[in-house]
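Keeping their order, the protein sequence lines are chains E and L.
Taking full-length UniProt numbering, the leading residue of the first sequence gets 1, the next gets one more, and so forth.
Taking full-length UniProt numbering, the leading residue of the second sequence gets 1, the next gets one more, and so forth.
Each residue gets a CB set at the ideal place from its N, CA and C atoms; glycine is no exception.
The structure appears below as structure tokens.
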Amino acid sequence: MSLFWIVIRQLAEIEEMAVSKKVITREEWEKKLNDVKIRKEDMNKLVMNFLVTEGYVDAAEKFRLESGTEPDIDLATITDRMAVKKAVQCGNVEDAIEKVNDLNPEILDTNPQLFFHLQQQRLIELIRNGKVEEALEFAQEELAPRGEENQSFLEELERTVALLAFEDVSNCPVGELLDVSQRLKTASEVNAAILTSQSHEKDPKLPSLLKMLIWAQNQLDEKAAYPRINDLSTAMLEDPPI
Amino acid sequence: MPTSASASPSATASASASSIAIAAGRNHSDLHARLISSDGEVQLKALRELKNRIIGNRTKKLLYIKLGLVPAVADIVASKAETIADHESSLLVQSAAVLGSFACGFDVGVRAVLDAGVFPYLFRLLSHPDEKVVDAGARSLRMIYQSKLAPKYDFLQDKNMDFLVSLLNCENENVTGLGASIIIHSCKSVAEQRALCRAGVLKKLISLLDGSLSQRDASLESLAAIIKNNVEAVSKFVESESTRALSSVIELTKDRYPRTRLLACICLIVIRNTSPCYLQDIGIKTKLVYLLLELHDDPGQVGDEASFAFSSLIAEKEDLQKLAFEANAIDKLYNHLQKGVLHPKRFQGILLALADLCSKLENCRSKFLSLKALNLVTNALNHDSSDVRAAACICLRSVSRSIKNLCAGHFMNEMIVFPLVQLLDDPCTSVQVAALSALGNIVIDFTTHRSAFVQCGGMKQLVQLTKSMDSTVRSNALRALRNLVFLAEKVCKEGIFLELTASSLASLVSDPEPFVQEQALGLIRNLVDGCMNSVEFIFSEDRIILDAVGRQLRNASKAEIGKQGMYVLNNVARGNELHKEAVMHQLIPQTDNGMQSFMIKFLQSNDGQLRTAAVWTVVNLTFPSSPGAFDRLVRLSNAGVVSQIESMANDPCLDVKLRVRTALGQFRTFGIGST
Chain E
1 MSLFWIVIRQ LAEIEEMAVS KKVITREEWE KKLNDVKIRK EDMNKLVMNF LVTEGYVDAA
61 EKFRLESGTE PDIDLATITD RMAVKKAVQC GNVEDAIEKV NDLNPEILDT NPQLFFHLQQ
121 QRLIELIRNG KVEEALEFAQ EELAPRGEEN QSFLEELERT VALLAFEDVS NCPVGELLDV
181 SQRLKTASEV NAAILTSQSH EKDPKLPSLL KMLIWAQNQL DEKAAYPRIN DLSTAMLEDP
241 PI
Chain L
1 MPTSASASPS ATASASASSI AIAAGRNHSD LHARLISSDG EVQLKALREL KNRIIGNRTK
61 KLLYIKLGLV PAVADIVASK AETIADHESS LLVQSAAVLG SFACGFDVGV RAVLDAGVFP
121 YLFRLLSHPD EKVVDAGARS LRMIYQSKLA PKYDFLQDKN MDFLVSLLNC ENENVTGLGA
181 SIIIHSCKSV AEQRALCRAG VLKKLISLLD GSLSQRDASL ESLAAIIKNN VEAVSKFVES
241 ESTRALSSVI ELTKDRYPRT RLLACICLIV IRNTSPCYLQ DIGIKTKLVY LLLELHDDPG
301 QVGDEASFAF SSLIAEKEDL QKLAFEANAI DKLYNHLQKG VLHPKRFQGI LLALADLCSK
361 LENCRSKFLS LKALNLVTNA LNHDSSDVRA AACICLRSVS RSIKNLCAGH FMNEMIVFPL
421 VQLLDDPCTS VQVAALSALG NIVIDFTTHR SAFVQCGGMK QLVQLTKSMD STVRSNALRA
481 LRNLVFLAEK VCKEGIFLEL TASSLASLVS DPEPFVQEQA LGLIRNLVDG CMNSVEFIFS
541 EDRIILDAVG RQLRNASKAE IGKQGMYVLN NVARGNELHK EAVMHQLIPQ TDNGMQSFMI
601 KFLQSNDGQL RTAAVWTVVN LTFPSSPGAF DRLVRLSNAG VVSQIESMAN DPCLDVKLRV
661 RTALGQFRTF GIGST
């Protein structure tokens with residue numbers, strides 16, 4: 001009997017909580033937001049950080065002139081970094097490696113994993129272009145010694161060389177290595193390494209801020225109904241369902 | 001992965017090495033010719049080609065070093081270091097980059113660059129007007145200073161210190177980085193640490209903690225070098241600018257870059273280990289334990305180094321070992337060990353960390369054994385790397401300190417003992433020493449297996465190693481033998497004694513190294529312990545051992561030697577009249593030239609155990625039922641021993657007090673002594 005009442009009471013409490021979820025109207029919400037002050041300089045810095053990290057060098061230069069925001073990095077280095085990134089994206093890996101070495105010879109000397117991935121990408125490009133003999137020679141000369149130094153490199157090398165074994169590579173288990181996404185993956189790895197070598201964060205700050213916004217909204221959803229931003233690209237406040 | 005699959009690429013690799021050699025041999029004369037060409041453009045192209053071939057490629061570095069290309073590149077730097085023409089600048093940039101790459105993380109390369117005599121020229125590049133040349137020169141020098149082979153930088157010379165400070169004050173990050181690398185490489189002594197503090201380097205480094213990523217890392221590492229084991233420097237650091245420096249370092253343990261986190265942890269550990277008065281709260285201790293365990297997850301160098309930092313945090317510190325145990329350190333380290341092929345450095349580090357964890361706490365050892373980690377460690381005894389083999393032995397030594405498991409015979413099996421005995425023959429001394437120390441523990445409980453150990457040649461090996469040129473090997477071999485004869489049956493003792501011979505045992509007692517003497521005396525003490533027959537060992541070959549022991553006791557410099565020697569005499573003094581008289585002969589020599597007996601010195605020693613051993617010997621010599629006891633007591637009394645013992649009735653050490661009481665009781669039965 002008493003247990004029954006406890007359960008009933010708890011159910012009542014839960015119901016009460018659900019009902020008591022606070023509702024915030026659009027007016028209230030906008031008023032609250034208006035009270036938050038954001039400095040223009042901070043906004044500009046975030047935009048500059050985004051442009052620099054993503055490598056929009058012309059835009060960054062223009063933005064610097066128009067807004068007077070100084071980038072925290074020499075803009076000339078962005079051009080170099082972008083040239084490397086572009087070279088990988090176009091499949092000119094050898095060219096990319098030479099450019100990285102000109103930029104800072106330490107990067108590939110102290111980053112065996114990145115070096116291996118670039119060489120692996122070079123091998124993939126050779127295979128893509130049907131240069132089978134050259135590919136085999138390159139794998140033996142450049143990649144096999146790295147595989148001896150590191151077990152996981154060896155496994156990746158085996159996976160890559162397997163491309164040679166299939167007639168129809170587009171339909172084989174390791175076919176994804178030939179995808180553009182593989183180039184992009186390698187390009188972004190080089191990009192990150194160059195940024196780190198320049199003591200620069202490898203990711204822009206804006207995405208983190210937006211991630212935090214989404215997380216905060218999710219937290220708030222449990223306690224209140226309020227005008228929510230559902231579409232980040234428009235940042236429109238949408239009325240809460242009542 | 002199937003072995004056949006991994007075997008094929010390595011076969012192609014060796015084939016490829018030879019094909020590279022042929023191809024490179026062909027290219028080499030060409031490349032070399034271009035490097036020494038009189039045409040700068042040709043040289044520049046050759047340098048770039050060489051650079052792009054060797055960066056990231058250890059195999060090719062080695063190849064081109066063997067083919068003698070380093071001196072050709074060094075010549076370019078040497079001949080152009082003073083020039084400032086534009087195209088010469090690019091020659092300098094490229095050649096410095098090539099030299100830096102040869103030296104990067106590769107000692108053979110560092111040696112080749114240093115041998116080429118280019119080191120001073122690289123320093124000259126630092127004052128070049130072209131910033132790119134400065135960058136390239138600083139980078140190359142930094143690579144060289146990251147190796148042990150780099151020449152030591154003498155901070156104690158004023159002009160060197162001024163130069164270093166100018167490097168640290170430079171705007172160029174590569175140059176400040178070089179300054180930090182020099183400190184990390186060369187700052188070892190207290191005098192050097194003091195000189196650096198005096199020159200304001202500490203302050204400068206603290207300011208670099210707010211700098212860029214590379215500056216922060218460089219600063220953390222060099223700070224650790226300057227304050228390590230230097231209480232004065234630590235307090236200077238901690239108390240600088242109202243403790244801001246310390247909180248910056250603590251803050252950096254939360255940095256997003258794993259390397260920065262590791263270096264910040266190492267810096268805090270250095271502070272703690274140097275001045276135990278800082279960083280004592282449980283919060284920071286626990287945090288360090290968790291942070292370092294987490295850093296093991298990094299797949300690269302940081303993960304490899306994390307276990308060494310972890311070891312330095314917990315070594316010899318029971319409280320931290322307990323915290324680490326509670327943080328599941330043993331499981332976590334064991335999980336890493338299980339991950340298949342590990343880099344030798346990481347393998348070594350984890351084994352040593354486990355060794356430190358199991359060095360004091362029984363619950364750590366039980367946990368270790370319950371995980372079946374022992375199999376992984378015994379497999380490591382056969383590892384290719386000598387560092388890993390030695391670390392595996394050290395780990396076994398720690399775990400085998402568990403009396404409970406020793407008694408259960410958990411370590412006495414072929415899987416462990418055979419490989420350990422084999423390691424006694426290891427070409428590497430550090431492995432031999434480590435294997436001896438592990439065996440030393442394991443042989444203690446040999447109740448049923450002693451003969452197996454002897455049969456597999458273990459005992460003969462140990463005896464052989466007592467003749468090693470290396471004193472640590474001798475000492476460890478003696479320690480193992482000492483434990484082997486501990487409470488052993490007579491047959492076993494005889495076997496060892498025959499193998500060892502009285503004369504070599506006597507000469508080990510007189511070894512030039514005190515710690516060897518101590519182990520030799522300890523071995524003799526265990527040898528003559530037990531049944532009456534055992535005492536006879538010491539009388540063979542015209543009492544050569546007994547005389548050596550007596551000689552050592554008369555000259556004993558360390559209490560530990562006196563203690564072991566006295567216990568030898570004490571064990572002999574339990575024997576028959578002949579034995580007792582022989583001991584008397586050592587205690588009070590016939591030709592008394594007025595010298596005080598060492599007995600008085602030992603009885604007055606600060607070491608309670610030494611006093612115990614000395615009094616105990618007197619008790620054994622004056623046992624009332626033995627015929628010559630009265631005569632001996634008179635002689636001891638004349639030598640001042642009796643009155644000395646009488647004065648010790650209220651000795652602070654309980655053990656001593658007990659024996660003194662027995663001795664005084666025996667004196668009274670002969671009517672000697674006051675009341």
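Within chain L, partners of residue i - CB distance below 7 Å
i, result
"E/S199", "S212, L213, S214"
"E/F166", "Per Cβ cutoff of 7 Å: no residues; E/F166 is ~17 Å from chain L at best."
"E/I97", "N52"
Selected residue, minimal CA-CA separation from residue i, among the options
i, options, result
"L/L168", "L/M143, L/R139, L/S219, L/C187", "L/S219"
"L/A438", "L/Q464, L/K404, L/L481, L/S468", "L/L481"
"L/L196", "L/R397, L/E560, L/A233", "L/A233"
"L/T260", "L/L293, L/S307, L/N363, L/L209", "L/L209"
"L/R58", "E/T69, E/K40, E/F116, E/L65", "E/F116"
"L/A477", "L/Q455, L/A452, L/S503, L/L423", "L/L423"
"L/A329", "L/F368, L/Q666, L/I54", "L/F368"
"L/T83", "L/R124, L/V535, L/D651", "L/R124"
"L/G575", "L/M599, L/S471, L/V535", "L/V535"
"L/G300", "E/A216, E/G130, E/E149, E/N101", "E/E149"
"E/E54", "E/I107, E/E238, E/S188, E/E137", "E/S188"
Residues that residue i contacts on chain E, provided the C-beta gap is smaller than 9 Å
i, result
"L/C104", "P105, E106, D109, T110"
"L/R139", "N104, P105, E106"
Test item: CB-CB of residue i and residue j under 7 Å
i, j, result
"L/V549", "L/V491", "no"
"L/F119", "L/K61", "no"
"L/L603", "L/A614", "yes"
"L/L610", "L/K563", "yes"
"L/A663", "L/V634", "no"
"L/N172", "L/R139", "no"
"L/L126", "L/V134", "yes"
"E/N44", "E/S67", "yes"
"L/A99", "L/V113", "Going by the sequence as given, residue 99 of chain L is Leu instead of Ala. Yes, the pair counts as a contact, with Cβ atoms nearer than the cut-off."
Burial state of residue i (16 or more Cβ within 10 Å)
i, result
"L/K558", "exposed"
"E/D35", "exposed"
"L/D529", "buried"
"E/I38", "exposed"
"L/A7", "Any reading at L/A7 is ruled out, since the residue's pLDDT is 39, under 50, leaving its predicted position unreliable."
"L/S16", "Summary for L/S16: the model assigns pLDDT 46, below 50, so the residue's position carries little reliability, and this model does not support an answer."
"L/M532", "exposed"
"L/L354", "buried"
"L/E131", "exposed"
"L/G303", "buried"
"L/Q280", "exposed"
"L/H87", "exposed"
Range covered by the alpha helix (DSSP H) that runs through residue i
i, result
"E/L210", "206–221"
"E/P173", "Careful: E/P173 lies outside any alpha helix (DSSP H) and carries neither H nor E."
"L/V270", "258–274"
"L/I524", "514–527"
"L/S222", "213–227"
"L/G562", "559–573"
"L/Y278", "Here L/Y278 belongs to no alpha helix (DSSP H), and DSSP marks it neither H nor E."
"E/P112", "112–128"
Beta-carbon neighbours of residue i, restricted to chain L and to distances below 9 Å
i, result
"E/E70", "What E/E70 touches in chain L: nothing, since even the nearest Cβ is about 16 Å away."
"E/F115", "I55, G56, N57"
Where residue i meets chain C, residues with beta-carbon distance less than 8 Å
i, result
"E/N101", "Reference to chain C is not applicable here, since the protein chains of this structure are E and L."
Contacts that residue i makes with chain E (C-beta to C-beta distance below 7 Å)
i, result
"L/G100", "P105"
Contacts that residue i makes with chain E (C-beta to C-beta distance below 8 Å)
i, result
"L/G340", "Q151"
Check: residue i C-beta below 6 Å from any heavy atom of the ligand ADP
i, result
"L/D542", "Ligands displayed in this structure: none; no statement on the ligand ADP is therefore possible."
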